[in-house]
Amino acid sequence: MGGDNSKAKPVVEARPRENRPVRIDPKAIGALLAKLPDDVFATILSNFSLQEKLLCACLVNRDWNRVACQSSWRVLDFGSCAGRVNDRVLAHFVQVHNMGDLHTILLRCCSITDGGLDLLLSRCPMLQKLELDFTIISNTGLQSVARRCPNLVELKLQNSRRSGVEGLCAIAAHGKLRRLHIANFEAFSNGSEGLERIAQLSPQLEYLDISLCRTVTDENILRVFELCPRLSTLRARSCSFSTAIQSLCLRATSLTDIDVSHLNVSSNFTTPDSPFCSLEKLRRLEVDSSGPGPLYVPVRASWASTLCELRFVVQAQIDPGSVTMLLRVCTQLHTLQLGCINMPELLPVLSRPFLVEELTLSSFSECSPKKLFSALSEPAAHPNLRKLILTNQLSNVDLADSDWFLSLHPRVSLML
């Protein structure tokens, strides 16, 4: 009845397969790609950068070159090869490629003239973003931008030496400009009255970068916010105005992102009722300056659901109590930068639980990195910490101390 177990086949143990390298036949891959429809291959090429598309696609064979030339471009970035881009390159590019759907052109540091820019833009009726940083484009080129690109939303014209206010006003006259980057704009060197003219023509403006425009006065910046009620982001590094900060914070209800680094901090900034506390929906604040102390990090209860990034680097004393309140109230804060001359007094504050993901610490006085690592040694108190950046006096870290800290926080990257 029962089977004879003695005649059962022996069980063969499975052996793990050897990890052999997979051999890829280039001819087979080429044959497979040759069968792809043109539209599918064009979609693949749309993920390539400019240099990759020109080198990897246009120089392989005629079919790839044909698809690459006929495929619609959406983003044209000459940044990786700016030193070799001139009017001749642009003229050849315009003749060969289809740019009817192009919406972004980045020409940072390119050696192009007004005529080359006009030729390029003549093929881009749908352009929305244009970058001309560190170029020699003049008012004539900006007039071409205004004529060729009526739908332009963002313009970057930083460190421009030949452009003027008239060209910017021609672009702004369309009333669609929302983001304007004109840091170190040479046309403002003799006066910044043109800034108000630009703002008057751009009521939809939401982002303004006027860093290093030192002729901008308190009256200018307040007038800009009156003319642009939707302006929410202000970059004003190393500008000359400072007394307008309080009035600006009281009037600009839409302001959510402000960078006033390297301003001359006024006395009202050293009190607990800092003018920045009047901003209801602040998301990002950056202050890098010097002034009398102790300085209070501004905190408002309404920021608990909005404030995401705070960079507060001052060569003065920071009140530890205001930092404690900041870490307790602002639960959405993911990036925090603190720098001061009394960093040892802040170490007990940093040892308490907080949810910051990126922490940058700068000390302008003697402070032991070992004590800082000890303050941050409890992983459970800082569960979200992923990046710790130490600068100035704190960058002199002993290797043994950093290894000990990283062994406690294996998910944290340490940058010195």
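Converting from the sequence shown to our numbering requires adding 15 to each position, the first position being numbered 1.
Cβ coordinates follow ideal geometry from the N, Cα and C atoms, glycine included.
Quantities reported herein were computed from a predicted structural model and do not represent experimental measurements.
The beta-bridge partner set that DSSP reports for residue 327 consists of 302, 353. In this structure, the beta-carbon distance from residue 251 to residue 225 falls below 8 angstroms. In the structure shown, residue 378 adopts extended strand secondary structure according to DSSP, grouped into three states. Counting the other CB atoms within 10 Å of its CB gives residue 190 a total below 16, which places it among the exposed residues. Bridge partners of residue 222 according to DSSP: 194, 248. Residue burial is scored here from C-beta neighbours: residue 107 has fewer than 16 other C-beta atoms within 10 angstroms and is therefore classed as exposed. For residue 407, the enclosing beta strand (DSSP E) covers residues 402-407. The Cβ-Cβ distance between residue 89 and residue 58 does not fall below 8 angstroms. When 154, 423, 155, 140 are compared, the shortest CA-CA separation from residue 165 is found for 140. One thing to note: residue 303 has its Cβ no nearer than 8 angstroms to the Cβ of residue 344.
Going by DSSP, residue 389 is part of the alpha helix (DSSP H) stretching over 384-390.
For residue 339, the enclosing alpha helix (DSSP H) begins and ends at 335-344. When secondary structure is reduced to three states using DSSP, residue 114 falls in the coil class, being assigned neither helix nor strand. In the DSSP assignment, residue 58 falls within the unbroken alpha helix (DSSP H) covering 53-60. Excluding five sequence positions before and after residue 325, the CB atoms of its chain that fall closer than 6 angstroms to its own CB belong to 300, 351, given in chain order.
Judged by DSSP secondary structure, residue 241 falls within the alpha helix (DSSP H) whose first and last residues are 233-242.
By a beta-carbon distance limit of 8 angstroms, residue 218 contacts residue 243. Their separation comes to about 6 angstroms. Counting only residues of its own chain and dropping the five nearest sequence neighbours on each side, residue 229 has a CB closer than 8 angstroms to the CB of 253, 254, 255.
Burial of residue 263 is indicated by the presence of at least 16 other C-beta atoms within 10 angstroms of its C-beta. The Cβ atoms of residue 428 and residue 402 lie closer than 8 angstroms to each other. Following the DSSP letters along the chain, one finds residue 428 inside the beta strand (DSSP E) bounded by residues 428-430.
Taken atom to atom, the span from the alpha-carbon of residue 271 to that of residue 355 is near 25 angstroms.
The C-alpha of residue 179 is placed about 11 angstroms away from the C-alpha of residue 151. Its Cα nearest to that of residue 408, the residue 383 stands out among 393, 423, 399, 383. The beta carbons of residue 347 and residue 321 sit closer together than 8 angstroms.
If you draw a 10 Å sphere on the C-beta of residue 430, you find fewer than 16 other C-beta atoms in it, and that means exposed.
For residue 186, the enclosing alpha helix (DSSP H) starts and ends at 180-187. By the Cβ neighbour-count rule, residue 46 is exposed, with fewer than 16 other Cβ atoms within 10 Å of its own.
Taking 8 angstroms as the cut-off, the beta carbon of residue 143 is found no closer than this to the beta carbon of residue 181.
Nearest Cα to residue 135 within the set 109, 124, 209: 109.
For the pair residue 192 and residue 214, the Cα-to-Cα distance works out to about 10 angstroms. Rounded to the nearest whole angstrom, the CA to CA distance from residue 216 to residue 188 is 5 angstroms. Taking 8 angstroms as the cut-off, the beta carbon of residue 91 is found closer than this to the beta carbon of residue 117.
Rounded to the nearest angstrom, the gap between the Cα atoms of residue 393 and residue 365 is 11 angstroms. The Cβ-Cβ distance between residue 220 and residue 237 does not fall below 8 angstroms.
Secondary structure at residue 413: coil, using DSSP grouped into helix, strand and coil.
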